[in-house]
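Once you know that position 313 of the sequence shown is 299 in my numbering, the rest is easy, because the numbers rise by one and skip nothing.
From the three backbone atoms N, C-alpha and C, an ideal C-beta is built for every residue, glycine too.
Each remark here refers to the structure printed beneath this line.
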Amino acid sequence: MKLSDFSYNLPKTSIAKYPVSPRDKSKLLVLNRETQEMESKRFTHVVDYMSKGDILVVNETRVFQARLFGKKEKTHAKIEVFLLRELNSEDGIWDVIVDPARKVRIGNKIYFNDKLWCEVIDNTTSRGRTIRFNQSGNIFKAVEKIGQTPLPPYIKREAEASDKEDYQTVFARVDGAVAAPTAGLHFTKQLLQKIQKKGVTIVPVVLHIGLGTFRPVEVEDLTKHKMDSEFFEIPTKSAEIINKAMHDKHNIFVVGTSACRALETSTTADGFVKQNRGWTDKFIYPPYDFKITKKLITNFHVPESTLLMLVSAFAGNDLVLKGYKKALKEKYRFLSYGDAMLII
-13 MKLSDFSYNL
-3 PKTSIAKYPV
7 SPRDKSKLLV
17 LNRETQEMES
27 KRFTHVVDYM
37 SKGDILVVNE
47 TRVFQARLFG
57 KKEKTHAKIE
67 VFLLRELNSE
77 DGIWDVIVDP
87 ARKVRIGNKI
97 YFNDKLWCEV
107 IDNTTSRGRT
117 IRFNQSGNIF
127 KAVEKIGQTP
137 LPPYIKREAE
147 ASDKEDYQTV
157 FARVDGAVAA
167 PTAGLHFTKQ
177 LLQKIQKKGV
187 TIVPVVLHIG
197 LGTFRPVEVE
207 DLTKHKMDSE
217 FFEIPTKSAE
227 IINKAMHDKH
237 NIFVVGTSAC
247 RALETSTTAD
257 GFVKQNRGWT
267 DKFIYPPYDF
277 KITKKLITNF
287 HVPESTLLML
297 VSAFAGNDLV
307 LKGYKKALKE
317 KYRFLSYGDA
327 MLII
């Protein structure tokens, strides 16, 4: 398949700028791969499609306050430092993006407040830099109060205080993402309790979503696209629970493309999942044989994005684009703060 196969017209008015409240009252479009039928529901109805013994896999990554604003030593020029990924915790070394990049050179110091500053120690790309903080250890804690929520670039507004909670799943636990696993944003604690009461086991994995999730695919030949690497972890206990459920022929409901990629990165030769941690640049696009994911909960994604390609690989491109057409017609809300889709 080619890049243009994943194109559709997304009006700006369909892009959600704020989430619905409560979050589980968002719309849910249910696509049935077998019958090709589509149904419009509310997200709270997702529990109706689950049975005792099923598994719900969630991504426990936590979005940290990655956008920092500081001043250059001596000139006091205002510099934005967007934290991408931690390279070395002990030495406080990070990969970042700076703006305006032309003002930031190796050796420059940028001060964020009286206690926290960094020094630029390398250039990586035109806007990319490697920095060393003056503090080692838990930088996530240090930036929690002074940083801003890294809202996606297509949400055309500044981050607000409410985004700190809104752009975070209720099961977020492990700091490291600069973008939320957005399919997880629809769950409330009450809905999770309802799911557990039905006999469904909630199983955690981690994949720290990076800025690459927003990077456009710029080649028509998909085999030539290279994904950014993202850190992930499948705990031993999670793998054991999933494998037992698969052996007993129960369904594995996966929340979001990030959790799906973590699982599909970690498959065994006989089609089960293994304990694993490291970096993945796995790119899933049609055709692809999913080993672990049996049902997928996801949002509505940007045209020609790697996220839409994964969803199309799971449900079939024709059915997905028909679903998107129906969703646009019925005024569904798209992208990170938008509505959801369940593919069964």
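Closer than 7 Å: residue i CB and nearest the ligand MG heavy atom
i, result
"Gly162", "No copy of the ligand MG occurs in the structure displayed, which carries no ligand at all."
Coarse secondary structure for residue i, derived from DSSP in three states
i, result
"Ser354", "Residue 354 cannot be examined here, being either before or after the span of the chain that is shown, -13 to 330."
"Lys281", "strand"
"Lys142", "coil"
"Val32", "helix"
"Phe(-8)", "helix"
"Phe300", "helix"
"Gln151", "It should be pointed out that residue 151 corresponds to Glu in this sequence rather than to Gln. DSSP places Glu151 in helix when its eight states are reduced to three."
"Lys327", "Strictly speaking, residue 327 in this sequence is Met, with Lys absent from that position. Three-state DSSP puts Met327 in a strand."
"Gly162", "strand"
"Glu250", "helix"
"Arg91", "coil"
"Val129", "helix"
"Val259", "strand"
"Gly123", "coil"
"Asn99", "coil"
"Lys(-2)", "helix"
"Lys58", "strand"
"Thr174", "coil"
"Gln9", "The sequence shown places Arg at residue 9, not Gln. Reduced to three states, the DSSP call for Arg9 is helix."
"Thr47", "strand"
"Phe320", "strand"
"Thr21", "coil"
"Ala63", "coil"
"Phe200", "helix"
"Val288", "coil"
"Met232", "helix"
"Lys180", "helix"
"Lys353", "Missing from the structure shown is residue 353; the chain here goes from -13 to 330 and no further."
"Lys312", "helix"
"Val156", "coil"
Residue i - partner residues in DSSP beta bridges
i, result
"Ile83", "Phe68 and Gly114"
"Lys27", "Leu14"
"Ile41", "Thr187 and Ile238"
"Gln134", "Arg53"
"Leu193", "Phe218"
"Asn74", "Ile79"
"Val106", "Ile117"
"Glu269", "Sequence check: residue 269 is Phe here, not Glu. Paired residue(s): none; Phe269 is not in a bridge."
"Gly264", "Phe218"
"Asp207", "Lys(-12)"
Outcome for residue i when other beta-carbon atoms lying within 10 angstroms are tallied against a minimum of 16
i, result
"Gly78", "buried"
"Ile278", "buried"
"Ala147", "exposed"
"His233", "exposed"
"Gln22", "exposed"
"Lys210", "exposed"
"Tyr(-6)", "exposed"
"Gln179", "exposed"
"Thr(-1)", "exposed"
"Thr135", "buried"
"Ile220", "buried"
"Lys280", "buried"
"His287", "buried"
"Asp40", "buried"
"Tyr4", "exposed"
"Ile270", "buried"
"Asn285", "buried"
"Glu216", "buried"
"Asn229", "buried"
"Pro138", "buried"
"Val205", "exposed"
"Asp275", "exposed"
"Glu250", "buried"
"Gly242", "buried"
"His62", "exposed"
Could you tell me whether the region 302 to 319 touches the region 223 to 238, using the rule of 3 or more Cβ pairs below 8 Å? no
Under 8 Å: do the region 282 to 299 and the region 253 to 261 share three or more Cβ pairs, one atom per stretch? These segments do not touch.
Mind the definition here: the region 181 to 199 touches the region 67 to 75 only if three or more C-beta pairs lie below 8 Å; say whether that holds. yes
Does the contact criterion of 3 or more C-beta pairs under 8 Å hold for the region 107 to 122 versus the region -12 to 8? no
Answer yes if the region 232 to 251 comes into contact with the region 95 to 108, meaning at least three C-beta pairs across the two stretches below 8 Å, and no otherwise. Cβ pair count under 8 Å is below three, so no.
Check whether the region 203 to 220 touches the region 171 to 185, taking contact to mean three or more Cβ pairs, one atom from each stretch, closer than 8 Å. no
Does the count of Cβ pairs from the region 41 to 49 and the region 83 to 95 closer than 8 Å reach three? no
Does the pairing of the region 11 to 31 with the region 152 to 166 give three or more beta-carbon distances under 8 Å? Because the criterion of three Cβ pairs below 8 Å is not met, the region 11 to 31 and the region 152 to 166 do not touch.
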